[in-house]
Each structure stands twice: as structure tokens, then as C-alpha cells.
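K.L.:
Mind looking over this structure? Questions follow.
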Amino acid sequence: MPKTITLLGSTGSIGTQSLDVARMHGYRIFGLAANSRVEILQRQIEEFHPEYVAVVDPAACEKLDAALAGTANAPKLLKGPEGLRTLAAMDGPDVVLNAVVGIAGLPASLAAIESGHDLALANKESLVTGGHLVTDAVKKYGVKLLPVDSEHSAIFQCLQDQNSAKRLEKILLTASGGPFFGMTTEQLRGKTKSDALKHPNWNMGAKITIDSATLMNKGLELIEAVWLFGLPEDKIQIVVQRESIVHSAVQFADHSVIAQLGVPDMRIPIQYALTWPDRLPSPVPELDFAALKHLSFDVADDETFRCLAAAKKAIRKGGLGPCAANGANEEAVRLFLQDKIGFLDIGRLVEGMVDSDSFGGDYTLQDVYDCDRMARDYVKAHV
Ligand code: NAD
Ligand code: MG
């Protein structure tokens, strides 16, 4: 039976690649959600005929409503953040794929899980900001959490043998190093938005591309891995793998290391999250070892890349520390993309936020939202 999917964040980089996978395997789309790109949504509606479409930006929702007027079998529209949550909770799909960017994805993740849906998760910010809320809900509602992030998919793939998985000792989380690998603080000082938006191996949304340049992405992924795989931060080693061929590895008690490799193409991990535990043919090219010739490894420089140092401090503090780091980062990246702050300011602001409090202890969803707002206010006050 072909799968039925609700896809949140359908107009983005992961969203459109998820629809490539859906097209290839004839999956049905129950619901689509996006923030504002009406023209892309309209094309997706024409091709996939979803029953529901949630548009978070109210003006964009009205624009889409007008554009669909008179169309036969037009989907029902849901508006605003509430519409996104409603769609995530609706019965109909076999799996909800969350490819929204930022903390805006958290309520949708929780709504999907609490309605009993398996969740394919690209939105790493859900786990970074609300890790214990998300993982507790997954246990309580007995659903599957399927990682889409390439590194976490790799680790998940390496842990499919249950007997070995019990003996997991260490995770080797790989990082491309981003466009500024090897640079000194002085060399980073003048880096602009257009320098930072040139990623060597991956073509991604703007926010995660900046996160890759600052290494915040690897910090967020470290936190994501702690929640997904249950190892403490000091058992997760970040390894720079410049070619983005080794997507991550695990080490077991006998010091055997198992890695997952492939060309850098998100359609592999997206598809695995949708077909797990099965594997289906993929349009992604084979890895050509003869052409590749060599793989290089290096260490990640958290002395220079302060976002990575700040993310490590945040997960060690626990509680709302990662949420505060994430909120500061989302706001700082927003300002950097508007040319209002410099590249090094992102790390300064994220680290300043993390250093400003102890953050420990349990939290509720309201605490997460309050902490996120506080972190954004901190950044605005310290630019
Ligand atoms: P993107 O910017 O290309 O797309 C983001 C999507 O989220 C769009 O559809 C947009 O409409 C939607 N969106 C934005 N703000 C929203 C809001 N407030 N409410 C609801 N929807 C909103 O981002 P992306 O690169 O596709 O990344 C999406 C997520 O996947 C991020 O969490 C990112 O870290 C993660 N991820 C991306 C990649 C990649 O290759 N792009 C790889 C691994 C993980
Ligand atoms: Mg990743």
C-alpha cells in the first residue's frame, strides 16, 4: 500500500525533496503546510491534490484562498500557527513529516505525536528546544520518531541491529566544516551573508546554511543526537569529514565502528524515514569510490567557532539551556541575514545568552516559549 503523508514545510529545501520522494513512489499527500510561498504551494496542490493545506502567514493564506477560488476539488485551507497545529494532529496520514524551520516546528511535532502519528523529523529545533517534551510524548503515545537529518539517519541506520545497539558506546557525528573551515577569527570577521550562504556540499534553506557556516548546525545536531540516541554529550564526538560522504558513525563496546556512507543528497535520509525498516530504489546516484579516491577527517574548531562551544555548554547545563541557545541563534541569524550584525556577532550573542543563566531543571511548553522570547530579547538588546 502506498503511504499517505502530511508534509509540513513543503515549500522548503527538505519539503520539495520530500515531494520528489513521494512522486517517485506514488505516495499520497493528505496535507501540506508552509509559511508563505503561495506560487509553489499552488503548483504542489495541482500535482498532489492534498485534502488540507495550512498556510501560516495570514496574508498568504488569503492570497491562496483567492487563487484557488472556483478550482474543482480545492483543498480545505487552514490559517495561521493554529492551522499548522490542527493539520499536524489530523487523522489521515500514516506519517507526518515535519520540515518546518525553527522553533515554529515544535508545536506541530507535539500535536502530531499526541494524536498518535509517527513523526519523520527534519525540524531539529523541535528536539533542541523541547527535547524532553518531545521524547516523553513519543514514549507516552507509543509512536515512532524517525530522524530525517542526514547524520541522525546515518546513526539510526547503524543501530538497526538491536543486539549491537545495546552496546553503543560512542557516536561519531560528522560535519562538513562548512564554507569557513580552517579559518581564524580574524579571517571570519568580515564574512558576509553571501560568503556564508555558499555551502560546499549541500543546497539547503538560508537559516541552516548560515548555521552550517557558524557550526551552530553541528551544535544543534549534537543536542538532537543526545535526545534521539540517549548518549551524554561527552560520548558524541564531532568529526569533520569535508566531503560529506560519511554521514556519521557509531562505535560499539568492542571498538568496532560502523558508518553509513552515500553521496550528499537528502533524498536518501528522507526516503529512509518514510520506508523504514524497508529500503526502496532511489534516484540518487551510487557512490563512486574510484572517482572519490580519498576521504579526509579533521577536528572541529570550537575555539574559533563559538556557536559550537555555546551549544556544548547549553546541553551540559541542561533544562532550557539548549532552548535559550536556539532562540538566540534564530534571532541572530535573522539579523545577520538582514545585514544588521556581523558574522562573529552570531557566536558572541549565542554564547552570551548561554553564559547568562544556569538554565537547569524541568520545563513546560510555556517555559519553552517564554525562554525563546527571552533569548530573542537578549539578542535584540545586545546587538
Ligand atoms: P527552508 O527554509 O528551505 O524551508 C522551511 C520551510 O518551513 C518552508 O516550507 C517554510 O514555508 C516553512 N516555514 C517557515 N517558517 C514557518 C513558520 N513560522 N510556520 C510554519 N512553517 C514555516 O528550510 P530547510 O532547509 O528545508 O530546513 C527545514 C528543517 O530541516 C530545518 O529544521 C533544518 O534544520 C532541517 N534540515 C534541513 C536540511 C537541508 O538539507 N535543507 C538537512 C537537515 C535538516
Ligand atoms: Mg544534518
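For the sequence shown, position 121 (counting from the first letter as 1) is numbered 1543 according to our numbering, and the numbering increases by one without interruption.
For glycine and all other residues, C-beta sits at the position ideal for the given N, C-alpha and C.
As the structure is a prediction and not an experimental result, all values here were calculated from the model.
1) Go ahead and label P1480 buried or exposed: buried means 16 or more other beta carbons lie within 10 angstroms of its beta carbon, across all protein chains shown.
2) Residues in its own chain within less than 6 Å of I1793 by CB, not counting five upstream and five downstream?
3) Using only CA atoms, which one of K1546, A1542 and S1548 lies nearest to L1567?
4) Whose C-beta lies closer than 8 Å to the C-beta of A1647 among residues of the same chain, with five residues either side of it excluded?
5) Around the Cβ of H1669, are there at least 16 other Cβ atoms within 10 angstroms (buried) or fewer (exposed)?
6) At a cut-off of 7 Å, is E1643 close to ligand 2 when judged by its beta-carbon and the heavy atoms of the ligand?
7) With distance defined between alpha-carbon atoms, name the residue in G1612, L1549, R1738 and N1495 nearest to F1651.
8) Starting from the C-beta of Y1449, find all residues in its chain whose C-beta is less than 6 Å away, skip the five residues before and the five after it, and write them out in chain order.
9) Label R1795 either buried or exposed according to how many other C-beta atoms from any shown protein chain fall within 10 Å of its C-beta, with 16 as the threshold for buried.
10) Within 10 angstroms of the Cβ of L1717, are there 16 or more other Cβ atoms? Answer buried if so, exposed if not.
11) What is the rounded straight-line gap between the Cα of L1771 and the Cα of A1671?
12) Do you know how far the Cα of I1768 is from the Cα of G1431?
13) Hey, is D1571 close to ligand 1, as in C-beta under 7 Å from one of its heavy atoms?
14) What span of residues does the beta strand (DSSP E) with S1458 cover, start to end?
15) From what residue to what residue does the alpha helix (DSSP H) around A1695 run?
16) Of the choices R1798, L1429, C1729 and V1560, whose alpha-carbon is the least far from that of W1649?
17) By DSSP, does K1372 sit in helix, in strand, or in coil?
18) Would you verify that the beta carbon of D1442 is, or is not, closer than 8 Å to some beta carbon of chain C?
19) Under the DSSP definition of a beta bridge, which residues are partnered with R1450?
20) Any contact between the segment 1524–1536 and the segment 1484–1502? By contact I mean 3 or more CB pairs, one from each, below 8 Å.
21) Tell me the residue span of the beta strand (DSSP E) that contains Q1682.
22) Whose C-alpha, out of A1712, A1731, E1504 and F1602, is nearest the C-alpha of K1613?
P.N.:
Well, looking at it:
1) exposed
2) It should be noted that the sequence gives Cys, not Ile, for residue 1793. Result list for C1793: L1742, C1745 and A1746, in chain order.
3) A1542
4) E1573, H1574, I1577, I1593, L1595, L1653 and I1658
5) buried
6) yes
7) L1549
8) P1424, K1425 and I1427
9) exposed
10) exposed
11) 32 Å
12) 25 Å
13) yes
14) Run containing S1458: none; DSSP gives neither H nor E here.
15) R1689 to T1697
16) V1560
17) Nothing about residue 1372 can be reported from this structure: the residues present for the chain run from 1423 to 1805 only.
18) This model lacks chain C altogether; it includes just one protein chain.
19) T1426
20) no
21) V1679 to L1683
22) F1602
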